[in-house]
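What follows is a single structure, written as structure tokens, with notes after it.
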Amino acid sequence: MKSISIDIETYSSINLARSGVYRYAESDDFEILLFAYSINGGEVNVVDLAKGEKIPKEIIDDLLDDEVIKWAFNAMFERVCISKYLGFKTGRYLNPSSWRCSMIWSAYMGLPLSLEGVGAVLGLEKQKLTQGKDLIRYFCIPCNPTKANGGRTRNFPEHDSEKWERFTEYNIRDVEAEMLVQEKLSKFPVPDSIWKEYEMDQIINDRGIAVDMPFVKQAIAIDEDSSEKLRSIMQDITNLENPNSVQQMKGWLNDNGIEMDSLGKKAVSEMIENVTEPYKTVLELRQKLAKSSIRKYTAMENAVCSDKRARGMFQFYGANRTGRFSGRLIQLQNLPQNHMRDLGEARGLVSSGNIDVLDLLYEDIPDTLSQLIRTSFIPIHGKKFIVADFSAIEARVIAWLANEKWRIDVFAGGGDIYCASASQMFNIPVEKNGINGHLRQKGKIAELALGYGGSIG
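All residue numbers for the sequence shown refer to the working numbering, where the first residue is -17 and numbers rise by one.
The following block contains the structure:
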């Protein structure tokens, strides 16, 4: 079967790390600068698109032909970017079934997720060129206008022909290194079943998830308003120029006889229980301001494509010891829980930007916004999200294996094992979203940790 190994160098004003490749390739100024390729492991050729060269028609045909296997290191980047180059509209991309990723192959073997790292571990004869990062910064992202560069905001090949020549060599070397990775790992092939899973992962990433952007923008605006109010209250109490500064806050606390090595969530929570006013209030305000989960709204704004769908949310084989998917960008696998009974009402107030009523009804605006994050994701018109999950599957399996009768009885009776565990731990009734419901999470932690080797420390 014919195969082609590919590496591309690109330009876009969109921050790739912050927005992901789908949004990156959507930018009006996106372009492929260099296209290096090798057919069936032969000599590497490079097409200098930045200087007006064109990708040969037979190579374009190969890219569109699902019978030709395309190889790249982090192949999703090449596949999505080339789809844009070929004129595919947002939401349509080259079929992933004919793409293979040597990064995934490396991850499957427990190797690093970077070409440089893999090359070092495998001792490749031709390593990835280390000067690449500087060249990418020079040619692939906007530059700051200065008097020295004539006020330009982008570097082109003609601005430094020597660097461009090295950049071309770098592009070629990446294909050479990627092919050497394939050669080194050839005795340990990835099973077809894993490649089918990879294809499924790419389809999921291509499809993305719809985001209610008007709601997200209102949430960001309300968070900014709430944060400014909290900062103002802290300034009135502490007289600090920037009460959100860790250094300034630690200094103020120290001046008042409260020594803290860290202002992390755990340290602040513990100290709140041991101080008097006004220090307790200041630390509580500090906790509200530091609520990092609200940043997910900004992550949505950064990642969402022109059709209001966020894509590229998962990394296949991101945890290379277990093969587990990893979250990217918005981190959909790590969304804050919600326990509000009036979730719909709160969401409506945020959607309408009704800050005054929110302030009146909800004591902790950052926490309210955090609990509403899951509601940002919406089905397309006329559809519904149907959520399915194996209920406490880990706890069920371990109870059955251990023949722990009281746990088996809880499951048989349709009970909530995490609530049941918490009830036994604290000797009080615990009901999900009811009496002492906040303790359910502690029951869950104990149930899972102790069942799978957890202990003190």
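The beta carbon of each residue, even a glycine, is placed where N, CA and C say it ideally should be.
Just so you know, these numbers come straight off a predicted model, no measurement behind them.
| query | result |
| --- | --- |
| First and last residue of the beta strand (DSSP E) that includes Ile(-14)? | Ser(-15) to Tyr(-7) |
| Val3 lies in the alpha helix (DSSP H); which residues open and close that run? | Leu(-2) to Glu8 |
| Measure the beta-carbon distance from Ala89 to Asn302 and round it to whole angstroms, keeping in mind my assumption that it falls under 8 Å. | 4 Å |
| To which residues of the same chain is Lys110 closer than 7 Å at the C-beta, ignoring the five residues directly before and after it? | Leu97, Glu98, Gly101, Arg155, Asp156 and Ala159 |
| Measuring alpha carbon to alpha carbon, tell me which residue in Trp87, Ile380, Gly114 and Tyr6 is nearest Ile64. | Tyr6 |
| When you compare the CB positions of Met231 and Val264, do they come within less than 9 Å of one another, or not? | yes |
| From Trp177 to Trp388, what distance separates their C-alpha atoms? | 42 Å |
| Can you tell which of Phe367, Gly326, Ala374 and Ile215 has the C-alpha that lies nearest to the C-alpha of Leu351? | Gly326 |
| So, Arg148 versus Leu117, is the Cβ gap smaller than 9 Å? | yes |
| Which residue spans inside the stretch 255 to 286 form an unbroken beta strand (DSSP E) run of at least 3? | none |
| Give the list of continuous alpha helix (DSSP H) stretches no shorter than 4 residues that lie fully inside the stretch 91 to 156. | 97 to 104 and 114 to 121 |
| Which one or two residues does DSSP pair with Asn418 in a beta bridge? | According to DSSP, which records beta bridges pairwise, Asn418 is partnered with nothing at all. |
| Name the DSSP beta bridge partners of Val440, please? | The structure shown does not extend to residue 440, since the chain is modelled only from -17 to 439, so the question has no answer here. |
| Judging by CA-CA distance, which residue of Trp81, Asn221, Thr280 and Thr150 is the nearest neighbour of Asp183? | Trp81 |
| Since Phe307 and Tyr180 should fall inside the 8 Å C-beta cutoff, what is the C-beta to C-beta distance between them, to a whole number of angstroms? | 11 Å between Cβ atoms; not a contact. |
| What does the Cβ neighbour count give for Trp87, buried or exposed, with the cut at 16 atoms within 10 Å? | buried |
| Just to confirm, are Ala32 and Trp146 a CB contact at a threshold of 9 Å? | yes |
| Considering only residues of the same chain and omitting the five flanking positions on each side of Asp324, which have a CB-CB separation below 6 Å? | none |
| How far does the alpha helix (DSSP H) with Gly233 in it extend, from its first residue to its last? | Val228 to Asp237 |
| Report, in whole angstroms, the separation of the C-beta atoms of Gly(-7) and Phe121, which I expect to be a contact under 8 Å. | Sequence check: residue -7 is Tyr here, not Gly. Their Cβ separation, rounded to whole angstroms, is 7 Å, which keeps Tyr(-7) and Phe121 in contact under 8 Å. |
| Nearest to Leu311 by CA position, among Gln319, Gly305 and Glu283, is which residue? | Glu283 |
| Confirm, please, whether the CB-CB distance from Glu(-9) to Asn153 is below 9 Å. | yes |
| Return the chain-ordered list of same chain residues with a C-beta closer than 7 Å to the C-beta of Asp346, the five sequence neighbours on each side being excluded. | Lys270 |
| Please identify the residue among Asn320, Phe12, Asp(-11) and Lys66 whose C-alpha is closest to the C-alpha of Thr21. | Reading off the sequence shown, one finds Ile at residue 21, where the question assumed Thr. Looking at the Cα atoms, Asp(-11) is the closest of the given residues. |
| In terms of residue numbering, what span does the alpha helix (DSSP H) encompassing Gln313 cover? | Element bounds for Gln313: n/a, residue is neither H nor E. |
| Can you tell me which of the three DSSP states Lys169 falls into? | coil |
| If you check the beta carbons only, do Glu429 and Tyr400 fall under 9 Å apart? | yes |
| Note down, one range per segment and in chain order, each beta strand (DSSP E) of at least 3 residues found wholly within the stretch 50 to 92. | 51 to 54 and 81 to 83 |
| Could you compute how far the alpha carbon of Ile219 sits from the alpha carbon of Pro260? | 7 Å |
| For Phe372, report the span of its beta strand (DSSP E) as first-last. | Unbroken run through Phe372: none, as it is neither H nor E. |
| If you draw a straight line from the alpha carbon of Ser251 to that of Asn224, how long is it in whole angstroms? | 21 Å |
| What does a CB cutoff of less than 6 Å around Ile380 pick up in its chain, not counting 5 residues either side in sequence? | Gly433 |
| What does the alpha-carbon distance come out to for the pair Ser(-5) and Gly246? | 34 Å |
| I'd like the list of long-range same chain contacts for Asn336, defined as Cβ closer than 7 Å, with 5 residues on each side in sequence excluded. | none |
| Taking a contact to mean a Cβ-Cβ separation below 9 Å, would you say Leu421 touches Ala404 in this structure? | yes |
| Have a look at the DSSP bridge pairing and note the partners of Gln297. | Ser308 |
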